[in-house]
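Protein chains in written order, with numbering that gives the first Met the number 0: chain A, 0 to 132; chain B, 0 to 789.
Here a beta-carbon is modelled for each residue, glycine too, at the ideal position from N, C-alpha and C.
Notes to accompany the following structure.
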Amino acid sequence: MSETYERDLLISAYIKWHYGQGLREFFGVTQNFLWFVAHFFSFKLLLRTLFAPWKRLGENYSGGLDLEAFASSFIVNTLMRAVSFVIKTLVLVLGLVSYILVFIFAVFVFIIWILAPIILFGSLILSATFFII
Amino acid sequence: MTFKELKIIYGPYFYSLSLDKFFPKILRNILRKFCALAALISFFLSFDALPLYLGLADGLFFLFIFFYLALSFLEFFYRSMNGGSLDYALTNVLFSTGNIDVTSAFFKNKIGMEILLRTGIASDNLKHFIYSERPLTMASALVLTSDLVDLVQYASAVYDVDKSFQNFLSQNSVNRDEFIGAVNWVMNIENEKNRRDRFWSRENLGAIPSIGTNWAYGVSNDLGKFGLVFENSIDISALTIENGYRRKEVATLEGILLRREEANAIIIDDSEAVARDIVGRFLKRIKLGITQPALEHKNIIELDWNSLVSNYKNKNELESELLKILNQSVSAGNIILYVRDLAGFVSGFKNLGINLPSLIAPYLSSNNLPIIASATKTDFHFFIETVPALLEKFERIIPDSLGAEASIGVILEQVPSIEKQYGLFFSFPSILALANNADRFISYGEMPGKALDMLIEIAPWTVEQKIAILKEKDVATFVSEKTGITTGAVEEEEAVKIEHLEELLHQRVIGQNEAVSGIANAVRRSRSGINNPKKPLASFLFIGPTGVGKTEVSKALAESFFGNEKNMIRFDMSEYNGPEAVSQLIGDFTTNKSGLLASRVRDNPYSVLLLDEFEKAAPDVLDLFLQILDEGFFTDALGRQVVCRNLIIIATSNAGSSLIWETVKLKKDLTKEKDNIINKIIETKIFKPELINRFDGVILFHPLQNTELESIAQLELGKLAKRLKEQNVELVINADVVNFLVEKGNGSQFGGREVNRTIQNEIENIIAKKIVSGEAGPGSKIEIKKSELV
Chain A
0 MSETYERDLL
10 ISAYIKWHYG
20 QGLREFFGVT
30 QNFLWFVAHF
40 FSFKLLLRTL
50 FAPWKRLGEN
60 YSGGLDLEAF
70 ASSFIVNTLM
80 RAVSFVIKTL
90 VLVLGLVSYI
100 LVFIFAVFVF
110 IIWILAPIIL
120 FGSLILSATF
130 FII
Chain B
0 MTFKELKIIY
10 GPYFYSLSLD
20 KFFPKILRNI
30 LRKFCALAAL
40 ISFFLSFDAL
50 PLYLGLADGL
60 FFLFIFFYLA
70 LSFLEFFYRS
80 MNGGSLDYAL
90 TNVLFSTGNI
100 DVTSAFFKNK
110 IGMEILLRTG
120 IASDNLKHFI
130 YSERPLTMAS
140 ALVLTSDLVD
150 LVQYASAVYD
160 VDKSFQNFLS
170 QNSVNRDEFI
180 GAVNWVMNIE
190 NEKNRRDRFW
200 SRENLGAIPS
210 IGTNWAYGVS
220 NDLGKFGLVF
230 ENSIDISALT
240 IENGYRRKEV
250 ATLEGILLRR
260 EEANAIIIDD
270 SEAVARDIVG
280 RFLKRIKLGI
290 TQPALEHKNI
300 IELDWNSLVS
310 NYKNKNELES
320 ELLKILNQSV
330 SAGNIILYVR
340 DLAGFVSGFK
350 NLGINLPSLI
360 APYLSSNNLP
370 IIASATKTDF
380 HFFIETVPAL
390 LEKFERIIPD
400 SLGAEASIGV
410 ILEQVPSIEK
420 QYGLFFSFPS
430 ILALANNADR
440 FISYGEMPGK
450 ALDMLIEIAP
460 WTVEQKIAIL
470 KEKDVATFVS
480 EKTGITTGAV
490 EEEEAVKIEH
500 LEELLHQRVI
510 GQNEAVSGIA
520 NAVRRSRSGI
530 NNPKKPLASF
540 LFIGPTGVGK
550 TEVSKALAES
560 FFGNEKNMIR
570 FDMSEYNGPE
580 AVSQLIGDFT
590 TNKSGLLASR
600 VRDNPYSVLL
610 LDEFEKAAPD
620 VLDLFLQILD
630 EGFFTDALGR
640 QVVCRNLIII
650 ATSNAGSSLI
660 WETVKLKKDL
670 TKEKDNIINK
680 IIETKIFKPE
690 LINRFDGVIL
700 FHPLQNTELE
710 SIAQLELGKL
720 AKRLKEQNVE
730 LVINADVVNF
740 LVEKGNGSQF
750 GGREVNRTIQ
760 NEIENIIAKK
770 IVSGEAGPGS
780 KIEIKKSELV
């Protein structure tokens with residue numbers, strides 16, 4: 000069986016992993032999730048088309064001196080752009096909040112990750128003291 | 000790389016597997032969730048202000064937090080160690096493999112078991128092999144050539160080094176390719192499963208659709224009425240990008256659609272499914288976000304021009320509706336239009352007097368509205384190539400037609416869903432057999448479409464036959480049920496039949512030993528699978544005078560090879576000697592008429608094609624057969640391919656029969672004179688030498704000798720006697736009658752046919768007179784005397 004080849008004990012292999020490959024993978028996964036939030040809320044596309052009319056709706060002004068038509072298409076087009084701006088901004092704000100939350104969560108997990116031995120050991124000690132007291 | 004080095008590389012990954020062994024995943028998950036819940040509850044119970052205050056809750060909270068964190072870290076460790084960049088399937092196999100007996104270790108894990116199932120070998124057989132006395136293969140004997148070893152390379156190394164394992168597999172009729180193919184399949188399935196489990200990977204996260212991607216694009220109300228979302232018509236989740244299937248075509252399509260102008264492609268293939276498959280794979284790339292940025296967020300909409308045309312009967316209305324749709328699509332900005340059957344689209348509009356090519360020319364010239372169209376080869380040549388306005392605007396994509404081997408990948412894509420639907424299990428050899436048989440025996444359509452159709456057909460059949468694991472021989476049975484051609488391994492009963500084929504043929508054919516043995520040999524070659532699959536099953540030129548058994552041999556062949564003498568297509572080639580001959584056979588484009596040969600071969604693709612009096616056909620008909628004999632197919636006037644690879648082609652001719660007569664009269668050996676006679680036929684320019692060379696065999700039929708005529712007379716009189724017996728009249732066959740018939744046959748050019756004719760005209764007349772006059776009635780005997788015969 001495989002035991003013929005020397006292998007580290009699980010615990011020492013784990014510690015090596017925790018501060019080496021594990022940490023690297025943690026950063027990788029964090030990046031993936033941040034990328035996902037940006038992708039899910041279409042940051043790039045929405046920013047690029049922030050002032051574009053909503054679903055390309057609008058009226059064409061055919062030129063000439065027709066004040067009424069000019070005014071009507073001006074109003075409609077401005078309205079469409081305004082609607083688009085408001086909705087897209089809302090989504091962008093929501094996305095930004097999510098992005099920040101994910102980031103804060105990642106920092107939180109990172110701290111736990113780094114301090115894992117202390118936290119694990121500490122929680123055991125604390126639990127024991129409560130039982131004794 | 001040595002085995003030891005390989006194990007060291009994979010070493011760290013064994014932790015997750017040993018963890019699974021001693022602390023199963025389900026238990027870990029339950030425990031972790033329990034700890035989380037318990038920590039939460041004890042947290043709330045620890046506030047002394049609450050009525051449910053518990054003194055020890057603080058201690059319990061920290062205890063559960065400890066376990067929860069420890070288990071979570073362990074889980075992260077497990078997930079990180081479980082494959083990832085390395086081959087997950089190989090990890091499993093290596094974990095159970097030690098230094099001694101790598102072969103049995105290969106199957107002692109879930110991956111190995113899966114591979115065994117996919118080879119179609121029963122696990123009891125493997126057990127027998129494992130516990131039999133056999134030389135054990137040491138790990139150090141494995142030869143791993145590459146530095147990047149995956150399961151396929153590892154399995155090949157095991158196979159190559161263990162001779163007894165090779166024998167075991169071949170006893171179970173699994174060869175190297177089939178074994179490695181099964182390994183490859185299982186490896187891909189397992190690694191794919193593992194990849195999907197890693198939900199945190201960018202690939203899986205990216206597959207979740209984003210919000211707001213279509214807010215920047217317009218909507219097309221009228222396209223909604225006549226446009227079908229392409230994604231709904233094809234299940235793109237089943238398509239895999241990794242297997243590289245149709246990669247070239249999809250890349251070409253992408254390149255064309257990225258152009259600054261005339262960004263239109265036309266996919267030319269006789270099967271619409273091929274075009275849809277390519278567009279589907281392209282769409283999958285868009286959805287995965289791995290196309291060029293310019294094609295991101297694009298949506299493929301199929302224009303339903305059939306209902307568009309049927310909804311508007313007025314030319315102007317239809318014109319303006321189409322323009323409206325196209326304009327809206329352009330302004331939407333993210334639409335790629337798919338038009339199936341472009342030729343039909345054009346002619347549909349033409350019927351209402353609309354010149355579609357010039358109407359849509361402005362759209363085709365720009366890249367505002369990329370269009371993908373499909374057309375069959377024929378339609379493309381006749382309807383699109385002839386309209387420069389269309390031809391210039393569309394870039395052509397002609398999908399490669401695939402062989403059986405290249406189709407395996409795409410068949411395997413479809414297998415999981417079919418297995419799930421019908422509750423079946425396909426062995427890998429059965430998939431290989433399916434692809435090969437479909438390629439070879441299904442005349443209509445192209446690969447891989449033919450194989451996929453067969454896959455869909457075989458599933459319910461398998462359920463009907465109550466087969467749980469589909470094996471190679473089941474596919475052979477299915478194919479012979481479907482086509483009438485026996486394929487697959489030669490069964491014992493059939494082996495006897497094939498071995499004694501000469502005797503079987505001789506039951507119907509008298510004499511003609513050379514012809515019979517030549518044909519029997521050809522059949523044996525075909526059944527053993529060593530003949531060229533790109534040609535007809537067999538082809539012969541029968542030369543000899545009339546009435547010597549040429550047709551009878553053909554009928555006997557149809558019966559012994561296709562199971563019924565009716566599986567025969569017969570043409571009297573003397574009818575095809577005029578200038579119209581070829582168009583009679585392959586059809587005529589101008590009148591849109593299908594040809595006789597084309598339609599009859601299409602209706603009976605598995606049969607004997609008998610061409611009587613071949614030498615009398617027009618020279619261009621002979622040239623047509625030159626191609627059929629060489630390539631195994633021809634193209635009819637409407638541009639459709641007619642496959643002749645499942646035919647036995649027999650051409651008969653009595654050219655040179657006078658030479659044969661002379662040779663026989665001079666008592667020379669006909670087999671020795673064969674070359675001379677054939678040379679004479681070539682010299683007289685009856686057949687071109689290249690045509691004669693295309694036949695698998697030229698077979699000379701000699702005129703019938705007295706003994707053979709006697710046997711024929713006996714045979715035919717026997718048939719007559721049988722008919723009479725049904726009326727309770729007994730016919731006595733005496734030497735007088737037989738001799739009379741032999742004399743008649745001998746003195747005539749028509750040989751055996753003269754014997755038949757004499758029986759009909761003279762013997763039957765005499766008997767009829769006797770019955771009518773009351774001389775012979777039911778229960779009586781009829782004997783014809785010499786004096787009665789004239």
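- A Cβ of chain A is located within less than 9 Å of the beta carbon of I207 (chain B).
- The C-beta separation of D695 (chain B) from F588 (chain B) comes to about 32 Å, leaving the pair out of contact by the 8 Å criterion.
- At the C-beta level, T136 (chain B) and V157 (chain B) come within 9 Å of one another.
- Between the region 90 to 99 of chain A and the region 21 to 28 of chain B, the count of C-beta pairs closer than 8 Å stays below three; the two stretches do not touch.
- Counting C-beta atoms within 10 angstroms of its own C-beta, F198 (chain B) has fewer than 16 neighbours from the protein chains shown and is therefore classed as exposed.
- The closest CA to that of L8 (chain A), considering only B:K6, B:N166, B:L390 and B:F13, is found on B:F13.
- Taking 8 Å as the upper bound for CB-CB distance, F2 (chain B) and A138 (chain B) are in contact here, some 4 Å apart.
- The Cβ of N31 (chain A) sits closer than 9 Å to at least one Cβ of chain B.
- As DSSP reads the structure, K592 (chain B) sits in a beta bridge with B:D587.
- Using a Cβ-Cβ cut-off of 9 Å, G226 (chain B) does not count as an interface residue toward chain A, since no Cβ of chain A sits closer than that to its own.
- Taking a C-beta distance under 9 Å as the contact criterion, A450 (chain B) and L423 (chain B) do not qualify as a contact pair.
- Under the Cβ criterion of 9 Å, I111 (chain A) is counted among the residues facing chain B.
- The beta carbons of L699 (chain B) and I659 (chain B) sit about 6 Å from each other, so the pair counts as a contact at 8 Å.
- Residue burial is scored here from C-beta neighbours: Q759 (chain B) has fewer than 16 other C-beta atoms within 10 angstroms and is therefore classed as exposed.
- M80 (chain B): not part of any beta strand (DSSP E); member of the alpha helix (DSSP H) spanning A56 to M80, first to last residue.
- Restricting attention to B:N692, B:G586, B:P777 and B:N645, the CA atom closest to the CA of S479 (chain B) is found in B:N645.
- Counted as a single uninterrupted DSSP element, the alpha helix (DSSP H) harbouring I14 (chain A) occupies residues L9 to Y18.
- Listed in chain order, the non-local C-beta contacts of V273 (chain B) below 8 Å within the same chain comprise I266, P398, E445 and G448, local neighbours out to five positions each way being set aside.
- For G332 (chain B), no beta strand (DSSP E) segment is defined, and its DSSP state is neither H nor E.
- Against chain A, the beta carbon of L55 (chain B) has neighbours under 8 Å at F129 and F130, listed in chain order.
- A Cβ-Cβ contact shorter than 9 Å links E614 (chain B) with N653 (chain B).
- For S479 (chain B), the uninterrupted alpha helix (DSSP H) segment begins and ends at E471 to T482.
- Boundaries for I8 (chain B): no beta strand (DSSP E) harbours it, while the alpha helix (DSSP H) harbouring it runs F2 to Y9, taken from the DSSP string.
- In summary, S79 (chain B) is buried, with 16 or more beta-carbon neighbours lying within 10 Å of its beta-carbon over all protein chains present.
- Under a criterion of Cβ atoms nearer than 7 Å, no residue of chain A is adjacent to F33 (chain B); the nearest Cβ is some 17 Å distant.
- From the beta-carbon of L204 (chain B), the residues of chain A found nearer than 9 Å are N31, F32, W34, F35, H38 and F39.
- Interface flag for F61 (chain B) against chain A is set, since a Cβ pair is found closer than 9 Å.
- For V218 (chain B), at least one C-beta of chain A is nearer than 9 Å to its own C-beta.
- Its chain contains I114, L150, V151 and A154 as the residues whose beta carbon lies nearer than 7 Å to that of V182 (chain B), once the 5 sequence neighbours on both sides are disregarded; these appear in chain order.
- Interface residue (Cβ-Cβ distance to chain A less than 9 Å): P415 (chain B) is not classified as such.
- Our two residues, G655 (chain B) and K671 (chain B), have alpha carbons roughly 15 Å apart in a direct line.
- Residue range A734 to N745 is occupied by the alpha helix (DSSP H) that includes G744 (chain B), with no beta strand (DSSP E) assigned at that position.
- Taking 9 Å as the CB threshold, F72 (chain B) lines the interface with chain A.
- Annotated three-state conformation of A154 (chain B) is helix, per DSSP.
- The three-state secondary structure of I466 (chain B), taken from DSSP, is coil.
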